[in-house]
Structure formats: structure tokens, C-alpha cells
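A short worksheet on the structure shown next.
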Amino acid sequence: MEAFRHLDAVAVPLPQPNIDTDRIIPARFLSRPREVDHAQFLFHDARRGPDGGQDPDFPLNRPEWQPARIIVAGRNFACGSSRESAVWALFDAGFRCAIAPSFGDIFRTNGTKNGLLPVVLPAEAVEAIMAMLEAEPGARIAIDLPAQTVTAPDGSVHGFEIDPFAKHCLLEGLDDFGLTAGYEEEIAAFERRYGRENRL
Amino acid sequence: MDAPRTLFEKIWSRHRVLEREDGQTLLYVGRHLLHDGGATAFDVLRRRGLTPRAPERIFATPDHYVSTAGRRVEEIEDPRHREMVEKLARNTAEHGIRQFGLGDPNQGIVHVVGPETGLSQPGLLIVCGDSHTSTHGALGALAFGIGSTEVAHVLATQTLWQRKPRSMRIAVEGRLGPQVTGKDVILAIIARIGAAGATGHVIEYAGSAIRGLSMEGRLTLCNMSIEAGGRAGMVAPDETTYAYLEGRPFSPRGADWDAAVARWRELPSDAGAAFDAEVTLDGSAIEPMVTWGNSPEDALPIGGAVPDPDAAPDAERRAQMRRMLDYMGLAPGTRLTDIAIDRSFIGSCTNARIEDLRAAAAVAAGRRVAPGVTAWVVPGSEPVKRQAEAEGLHEVFRAAGFAWREPGCSMCLGTNGDIAAPGERVASTSNRNFVGRQGPGARTHLLSPAMAAAAAVTGRFTDVRRLLEG
Numbered sequence: 001m002e003a004f005r006h007l008d009a010v011a012v013p014l015p016q017p018n019i020d021t022d023r024i025i026p027a028r029f030l031s032r033p034r035e036v037d038h039a040q041f042l043f044h045d046a047r048r049g050p051d052g053g054q055d056p057d058f059p060l061n062r063p064e065w066q067p068a069r070i071i072v073a074g075r076n077f078a079c080g081s082s083r084e085s086a087v088w089a090l091f092d093a094g095f096r097c098a099i100a101p102s103f104g105d106i107f108r109t110n111g112t113k114n115g116l117l118p119v120v121l122p123a124e125a126v127e128a129i130m131a132m133l134e135a136e137p138g139a140r141i142a143i144d145l146p147a148q149t150v151t152a153p154d155g156s157v158h159g160f161e162i163d164p165f166a167k168h169c170l171l172e173g174l175d176d177f178g179l180t181a182g183y184e185e186e187i188a189a190f191e192r193r194y195g196r197e198n199r200l
Numbered sequence: 001m002d003a004p005r006t007l008f009e010k011i012w013s014r015h016r017v018l019e020r021e022d023g024q025t026l027l028y029v030g031r032h033l034l035h036d037g038g039a040t041a042f043d044v045l046r047r048r049g050l051t052p053r054a055p056e057r058i059f060a061t062p063d064h065y066v067s068t069a070g071r072r073v074e075e076i077e078d079p080r081h082r083e084m085v086e087k088l089a090r091n092t093a094e095h096g097i098r099q100f101g102l103g104d105p106n107q108g109i110v111h112v113v114g115p116e117t118g119l120s121q122p123g124l125l126i127v128c129g130d131s132h133t134s135t136h137g138a139l140g141a142l143a144f145g146i147g148s149t150e151v152a153h154v155l156a157t158q159t160l161w162q163r164k165p166r167s168m169r170i171a172v173e174g175r176l177g178p179q180v181t182g183k184d185v186i187l188a189i190i191a192r193i194g195a196a197g198a199t200g201h202v203i204e205y206a207g208s209a210i211r212g213l214s215m216e217g218r219l220t221l222c223n224m225s226i227e228a229g230g231r232a233g234m235v236a237p238d239e240t241t242y243a244y245l246e247g248r249p250f251s252p253r254g255a256d257w258d259a260a261v262a263r264w265r266e267l268p269s270d271a272g273a274a275f276d277a278e279v280t281l282d283g284s285a286i287e288p289m290v291t292w293g294n295s296p297e298d299a300l301p302i303g304g305a306v307p308d309p310d311a312a313p314d315a316e317r318r319a320q321m322r323r324m325l326d327y328m329g330l331a332p333g334t335r336l337t338d339i340a341i342d343r344s345f346i347g348s349c350t351n352a353r354i355e356d357l358r359a360a361a362a363v364a365a366g367r368r369v370a371p372g373v374t375a376w377v378v379p380g381s382e383p384v385k386r387q388a389e390a391e392g393l394h395e396v397f398r399a400a401g402f403a404w405r406e407p408g409c410s411m412c413l414g415t416n417g418d419i420a421a422p423g424e425r426v427a428s429t430s431n432r433n434f435v436g437r438q439g440p441g442a443r444t445h446l447l448s449p450a451m452a453a454a455a456a457v458t459g460r461f462t463d464v465r466r467l468l469e470g
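Order-wise, the sequence lines are chains A and B.
First residue of the first sequence? That's 1 in our numbering, and the numbers climb one at a time after it.
First residue of the second sequence? That's 1 in our numbering, and the numbers climb one at a time after it.
Shown next, in the form of C-alpha cells:
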């Protein structure tokens, strides 16, 4: 997994609540293996008009936001389906961080296991940051994961909470397979006991 | 004396291999369910040179990509879809995992198959790479959906790292009215607490209205826990649970059955157990529900009207409502019963069990699907299909003009190509009314099977209670 420590990048606002993972990547693209570049599927239908052409007003289509690597969205971002390809689509399009007042639980976990940092900030802070991004398209946000801070375009600094385990894995670029292998004895002992109590 | 514990805490601690100082807990997975959308996880295993640790704890069935027009793999027209079904068969065969493949008498939607085979049991930790895994909590299990990296980790280690979620008790008290089902109860709950109302929580559904639900009703209820943001949803096991499980193919037998039931009786939350959040609803006030927007939280009783964005409390909600009404092609103030439909879909892991089909058939019997409406019934599994056909329900549906199809996820998300056309309005018993969920531009309204059948035969949303009073 790609490590995440610091990021200073353009941020794109998506000021809507309940943006679900079907919107991030429609179901008809789920049969593609990980090797396929998923950036082409990111908001595939949402960024297009009814005629299939690109909607120039959709934030991700605007030239100022093309370099964006941070997405700032409304509450309950990426709710719904467990499809990990929602993270892949964002990651392949260059995104490394999503900021929202809340996230779908499964997406949040999928993000931390794929090098995409989910940052929860209070709704008022997210709203204020979105207003700055709208006022100055192309403005940058700085993320400092070791210090757990977000520095908004106006210089205001917002602290955020993150699970220490997820933080460690992101900082070091570790996935949990290696970590779990270190507990083989405990798992084997548990398994013997559990197997006796729960016969198949 | 030990502190009183919840059902959730009891199952959590039974599966805890270890807890680190930072709060991360390694949980042992009792049952791992797979479907045909999970090929990536096997790719991860191969890349790492790993193999499944406990294949005897893993069960698989294809559902997302199967054709509902036929049962043979060759009948899957799209080569990508066929490949997904074939990959599941190959991967499970290679690793000695039991698969209920196409043609197997137990094949079906994974969340229908688990409970009806008896694989999903009280007290188990069950995971699956699908957000609707919360369904299995209806049997008193702790069951939740995971992403494909986590699926690969569970395959390789039979364990999963988790931080303990918070707990929420949702009590629905009183007696449900006629034609008010598990679907209406969960839509009323989500309308009340919101699509993120239970984020970070495991829900335990309780109260007299919940205890009075059949197992099918409880499965529907727990299925949509994720639509309220819940990590999982569960109902304490009771006599309804044991009666449902007894004699199923993977249920314990003989002395093992008695021992299992004795163990399961210890599971319900202790008196005085504390929850992090509590919500109470009056079950007698719940009516048949229909959604109007693009989140399951946008649900109203059938007697209601499309809400007016101008009456919304804040600018964000006003803008959101306008976007939804535009997508849904609805005008504020329109009575739900004045909205005409193009399609009716009775199916999905939410509402394709035998009781659901019986309820829909009771409405379809002696009536005809309205002109211009396409109506489908997609049974949740082969056993559901067999049972329905033994009862003659397929004849009832066919006589009324419904298509009677083969089991699979079908139009719930359209991964197999079963989708609605742009602009078509669908009365759907599935779980998500998201933008584009049933195909680009398709307009989904969620409701119960009886209500979907009532919409099919009248051509518009209809209060099934009035229709049956006739």
C-alpha cells in the first residue's frame, strides 16, 4: 500500500450529502479487475449530461479542479455498497484524501486499506472549507497525518481524530496481512477452542 | 456478578482472538460467505501466494451476475458477466470451498441462501463482501459487510481487525397494522433516524412489534440496517428463530440441536444492559411506506404527498430535495397515489423470500398487471422458487401478467444487465433508490412486496389495504 504522511494539494468541493458509492462508480463497472485504470469510471454518470457528454459544471470536470487530489463532500459520503472500487476510482484519479462530516463505515475502512485517508471534520468546518474552495477554485489544502491536522486555504488549522492503528498503517504503508501473521499462535489456539464449541 | 451484556457484546467477545492496547481487536470469523462479485479477493491471495485458511467455514453462491432468464452459464450473454460466475466456480473448486453454483438446488442470493440453508446461526460472526450482510443478524448473529481487501484477509487468516462499534437499541412497540411489514418498519425507522442515523453503531431491534415479526420480516428489517448507516443489525434469537432453523440442511441435528438451542438461549441481551443510543417507535402508527427521493430516508406513508423543497428547514436540504425531485420527475404536492409507474420489481435480498412472494401473490390473484406496466417476480433462491411453484404462486403471477424469473440479484442493482430504461419509474422491493441504481436515469421507489404488486395491478402507487378491501 502507498504510504500517506503529508499532502498539500488542490481540493475539489462536492457540496452534497449522502453521495453513495453507486454514484462514485456505477454498478455496471464492478466486473473490472483491479489492474484496470478505474479513474475512467469515477462519477461516470454524475459527470455526464443526459446526452452522454461531459457536464462542464460538474466540479470534477472544471479545469481549475483537474489537479485535485483531495475531495471535500457533504455528510455520509460514500454510503451504501461495500464496493472497494469506489476507493480505486478515486485513488486512480489521483485522490489521496476525502474530507467530510461523516462517511459510510465500509468505505472508510476500504480507504484506509488502500492509501486513501478519510478525514472527519465537524459539519461547520467542512461547510466553511467548501465555501473557501468555491470562492477560490484551485485553492489548496494541507494535510499533516502525523500531527492529525488539516490546514484550510485561509490558514485555519483543524485537528482530526483517526484510529491509531489505521494511522500507523497509512504512515508506514503497511497492510494488515503481515501484522496478522505475527499472531499465528494466538489464532491457532483460538481456532482449536472455537472449533470444539462450534462444530460444523 | 458480571455486568449485564448486550447480544452484540456476547457475540463480539466469543469471537475475540485478542485485543491490542490501541483498541484494535482481532476477531475470528465463524462463517464467511462469498458471491460472484468477489474475484478480486482471490487475485490478492494469488499475488501473495496465500490460500484460504479454513475453507470449511466458507460458502459461496453466484448471484450478482447470473441471468434471471435461464440457468445455464452459457445463457449469460455478456462475457464479462459470464466470466465472474465462472471465476467463482473456479476459485471455489481450486480451494475446496463449497459452492452452490448455477443448477445447485440451494443456489440463490447469498443473503437468502445463508439463512435458508441453516448456515447463518445465532451467535455466529458472519462476514461477506456485500453491504447487505447485515441481513443475517435477523437470526441473532453478528453479521456485516466488508470490502474486498478485507475479504482477502479473511480468506487468508479467517480473522478480521475491527474496532468495537457503538451499540444502538431500536425498540418498536405495539402491534403492527394489517399489511404493515418488516419493509415498512425499516423504512419508517430510516425516515426517522436518517441514512446516517446509525453510522458507527450495531443496531439491536427490539420491542413487541419486532418480536411479533416472522423470520422473513426480521430478515428484511436487518437487511436494510446499512441504509441507516448501521454496521450491523440484529434481533435476539427466540422461538421464532429456532422454529425457522430446525431441520435446515446445515442446522445442528439431534443432541447437537438441543445443545445449540441451549447455548443460543443465553444470547439475548441481559436485563439492564446499556446501549450507547436508544430510539423508540410506535409500531401501531406505522403505515405502508413508499420512498419518493434518492435516499431510503426519503420515505413517506402511502397517504402522503411529495414534499415541497421550499418547506425544508435549511438551504442544503432545499437544494438536495430539488435535485432529487428533478431526477425523479416529481412535482411537490403530488399525492403518492397519483404517481404512475412503468415497472414493478419483486425481488432482491430484501424481499424475495417465500412470505414476500405469498404476500405479493395474494394481491396479484384474480387481477391483471395494468396496461403498459412491466412486472417481474425474481425469487430469492432455488428453494424459494420451488416452494412458490409447489404452492402454485407462479401460476398466480403468470395469470396476472407478471414475469416469473430465475433467482438472482437482478434489478436490485442491475449488475447482470437487468435494468430499467432511462426515465422509467420502478416500484421496487429492493433496498436502494439511489440515482442510477437500477440503470442510468431509472427512477426507483422502495416499498413492500404487497405494495409493489398493488402498484403493478393498478399502474400507480396504491394503498394495498384499500385495494384488498376492494
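Glycine residues also receive a C-beta, built at the ideal position from the N, C-alpha and C atoms.
If we call anything under 7 Å between Cβ atoms a contact, is A/D8 one with A/A142? Yes, these two residues count as a Cβ contact at 7 Å.
Output, in sequence order along the chain, the residues in the segment 421–437 of chain B whose CB is closer than 7 Å to any CB in chain A. Taken in chain order, the members of the segment 421–437 of chain B whose beta-carbon sits within less than 7 Å of a beta-carbon on chain A are R432, F434, V435, G436 and R437.
Considering only residues of the segment 183–269 of chain B, which uninterrupted beta strand (DSSP E) runs meet the minimum length of 3 residues and lie entirely inside it, listed in chain order? Unbroken beta strand (DSSP E) stretches of 3 residues or longer found wholly inside the segment 183–269 of chain B: 201–206 and 232–235, given in chain order.
Would you identify the three-state DSSP class for B/I302, choosing helix, strand or coil? In the three-state DSSP reduction, B/I302 falls in the coil class, being neither helix nor strand.
As a quick exercise: from B/K164, B/G114, B/L139 and B/H81, pick the residue whose alpha carbon is nearest that of B/P471. Absent from the structure is residue 471 of chain B, since the part of chain B shown begins at 1 and ends at 470.
So A/H44 packs on A/F29, CB below 8 Å; how close in whole Å? Yes, A/H44 and A/F29 are in contact; Cβ-Cβ is about 7 Å, under 8 Å.
Distance check for B/G392 and B/Q438, CA to CA, integer angstroms please. Across the structure, B/Q438 and B/G392 are spaced so that their CA atoms are roughly 29 Å apart.
Identity of the residues DSSP links to B/F59 by a beta bridge: For B/F59, which the question treats as bridged, DSSP gives the partners B/L33 and B/R98.
Quick check: the segment 383–392 of chain B against the segment 409–425 of chain B, are at least 3 beta-carbon pairs closer than 8 Å? Under the three-pair Cβ rule at 8 Å, the segment 409–425 of chain B does not count as touching the segment 383–392 of chain B.
Segments of 4+ residues assigned as alpha helix (DSSP H) that fall wholly inside the segment 119–169 of chain A: With a minimum length of 4 residues, the continuous alpha helix (DSSP H) runs that stay inside the segment 119–169 of chain A are 123–135.
Less than 7 Å between the C-beta atoms of B/G380 and B/R353, yes or no? Taking C-beta atoms as the reference points, B/G380 and B/R353 count as a pair closer than 7 Å.
Exposed unless 16 or more other CB atoms sit within 10 angstroms - verdict on B/D184: Around the beta carbon of B/D184, a 10 Å sphere encloses 16 or more other beta carbons of the protein chains shown; the residue is thus reported as buried.
Run the CB neighbour count on B/T334, radius 10 Å, all protein chains shown included, and call it buried at 16 or more, exposed below. The residue is exposed, with fewer than 16 neighbouring Cβ atoms inside 10 Å.
Can you name the residues that DSSP bridges to B/T280? Answer is B/A171.
Mind checking whether B/T61 and B/Q24 have CB atoms under 7 Å apart? No. Outside cutoff.
Is the separation between the beta-carbon of A/A27 and that of B/T415 shorter than 7 Å? Taking 7 Å as the Cβ cut-off, A/A27 and B/T415 qualify as a contacting pair.
Member of B/M321, B/D342 and B/A340 whose CA lies at the smallest distance from the CA of B/P332: The shortest C-alpha to C-alpha distance from B/P332 to any of B/M321, B/D342 and B/A340 is the one to B/M321.
Terminal residues of the continuous alpha helix (DSSP H) containing B/R437? Taken as a continuous stretch (DSSP letters only), B/R437 belongs to no alpha helix (DSSP H), as it is neither H nor E.
Could you spell out where the beta strand (DSSP E) holding B/H445 opens and where it closes? Unbroken beta strand (DSSP E) run through B/H445: R443 to L446.
Nearest by alpha-carbon distance to A/I129: which of A/V10, A/A3 and A/E2 is it? It is A/V10 whose Cα lies nearest to the Cα of A/I129.
CB contact check: A/K113 to chain B, cutoff 7 Å: The beta-carbon of A/K113 is placed less than 7 Å from the nearest beta-carbon of chain B.
According to DSSP, simplified to helix, strand and coil, what is A/Y194? It is helical.
In the DSSP assignment, what residue or residues form a beta bridge with B/G145? For B/G145, which the question treats as bridged, DSSP gives the partners B/C128.
Note down, in chain order, each residue of its chain lying with its Cβ closer than 6 Å to the Cβ of B/V261, except the 5 sequence neighbours on either side. Contacts found: Y242.
Okay, do the segment 272–283 of chain B and the segment 3–10 of chain B touch, 3+ Cβ pairs below 8 Å being the bar? Output reads yes: the segment 3–10 of chain B touches the segment 272–283 of chain B.
Reducing DSSP to helix, strand and coil, say where A/D22 ends up. If DSSP states are grouped into helix, strand and coil, A/D22 belongs with the helices.
Strictly by DSSP, which residues pair up with B/G108? Residue pairing from DSSP places B/G108 in a beta bridge opposite B/S381.
Under 7 Å Cβ-Cβ, which residues of chain B neighbour A/F190? By Cβ distance, chain B contributes V17 and Y28.
Taking 7 Å as the threshold (beta carbon to beta carbon), is B/A195 in contact with chain A? Interface residue, yes.
Please report whether the beta-carbon of B/R231 lies at a distance below 7 Å from any beta-carbon of chain A. At least one beta carbon of chain A lies nearer than 7 Å to the beta carbon of B/R231.
Taking the C-alpha atoms as reference points, what is the distance between B/V73 and B/V44? When only Cα atoms are considered, B/V73 and B/V44 end up about 25 Å apart.
Thinking C-beta only, is B/R71 closer than 7 Å to B/G37? No, Cβ-Cβ distance for B/G37 and B/R71 is not below 7 Å.
Could you tell me which of B/G436, B/F345 and B/R169 sits nearest to B/F402, measuring between CA atoms? Comparing Cα-Cα distances from B/F402 to each of B/G436, B/F345 and B/R169, the minimum goes to B/F345.
Interface residues of chain B facing A/L30 [CB-CB closer than 7 Å]: Those within 7 Å of A/L30 in chain B are G37 and T415.
By a C-beta neighbour count over all protein chains shown, 10 Å radius and 16 as the cutoff for buried, is A/G182 buried or exposed? Around the Cβ of A/G182, a 10 Å sphere holds fewer than 16 other Cβ atoms; the residue is exposed.
CB B/A195 to CB B/S67, shorter than 7 Å? Contact flag unset, no.
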